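To keep things clear, I will list the structure first and then write my remarks on it.
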Amino acid sequence: MGVEIERKFLVDHEKWHQLEKPAGVHYQQGYILNDNNRTVRVRITDTQGYITLKGSGTSHMSRAEYEYEIPLKDGRELLKEFTKNGTEKTRYRIPYDGFTWEVDEFLGDNKGLIVAEIELEDEHDEFEKPYWVTKEVTDDARYFNSNLAVHPFKDWD
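Note that our numbering numbers the sequence shown so that position 33 is 33, with each residue one more than the last.
And the structure:
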């Protein structure tokens, strides 16, 4: 079984914007299925499509995940014909202390939100946080991409 072990953190905007970083990748994504225990997501970049199935897990940190590349044309069609809600973001991959941090700068209705994620091999793996990473939000469901698609950041109090 595929398992994703991931922790999420907020990012200090000022420190992030001062950081020298590689070019980001633009993502559009939408949800074919989006409930409390499972999601089916379609995601596209400028060059590739993906379909991802996520299930429930032992915690917000660990859950079943299967991701497959699909043709970009199929991804565009699936987004258009089968999804209602989605998100848009630019993702940056930042190597730091032996790990790769994926930092998402959200666009559209989630503009202003920047979230850093680190994928681990084990829930108990130790790692050092970069200086631009702040509060952990792994257990805060508002920050799940699937929830941002239906309850965007712009609507939060």
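Note that CB positions come from ideal geometry on N, CA and C, so glycine has one too. What you are looking at is a predicted structure, and each value in this text was computed from that prediction instead of being measured.
Residues that DSSP places opposite residue i in a beta bridge
{"i": "Lys89", "result": "Tyr27 and Phe106"}
{"i": "Ala64", "result": "Val3"}
{"i": "Val182", "result": "Look at the range of the chain in this structure, 1 to 157, and you will see that residue 182 is not part of it."}
{"i": "Phe9", "result": "Ala116 and Glu136"}
{"i": "Tyr131", "result": "BP columns for Tyr131 are empty, so no partner."}
{"i": "Phe99", "result": "Tyr96"}
{"i": "Glu69", "result": "Tyr50"}
Cβ neighbour criterion (16 or more within 10 Å) applied to residue i
{"i": "Tyr131", "result": "exposed"}
{"i": "Lys89", "result": "buried"}
{"i": "Val3", "result": "exposed"}
{"i": "Lys8", "result": "buried"}
{"i": "Ala23", "result": "exposed"}
{"i": "Val11", "result": "buried"}
{"i": "Val133", "result": "buried"}
{"i": "Glu105", "result": "buried"}
{"i": "Ser56", "result": "exposed"}
{"i": "Val103", "result": "buried"}
{"i": "Lys73", "result": "exposed"}
{"i": "Tyr68", "result": "exposed"}
{"i": "Gly75", "result": "buried"}
Rounded Cβ spacing between residue i and residue j (contact assumed at less than 8 Å)
{"i": "Arg91", "j": "Tyr27", "result": "6 Å"}
{"i": "Ile118", "j": "Phe127", "result": "6 Å"}
{"i": "Glu44", "j": "Leu79", "result": "The identity of residue 44 in the sequence shown is Ile, whereas the question assumes Glu. About 7 Å; that satisfies the 8 Å criterion."}
{"i": "Gln29", "j": "Gly86", "result": "5 Å"}
{"i": "Ile5", "j": "Glu123", "result": "6 Å"}
{"i": "Thr83", "j": "Val42", "result": "6 Å"}
{"i": "Val137", "j": "Tyr143", "result": "5 Å"}
Contact test: residue i Cβ vs the ligand GTP heavy atom, cutoff 7 Å
{"i": "Asp157", "result": "Ligands displayed in this structure: none; no statement on the ligand GTP is therefore possible."}
Of the residues the options, the one placed nearest residue i, counting alpha carbons only
{"i": "Pro152", "options": "Glu136, Asp125 and Asp109", "result": "Asp109"}
{"i": "Thr100", "options": "Leu120, Gly112 and Lys111", "result": "Leu120"}
{"i": "Lys129", "options": "Trp156, Pro95 and Tyr66", "result": "Pro95"}
{"i": "Ile70", "options": "Asp46, Lys135, Ala64 and Leu33", "result": "Asp46"}
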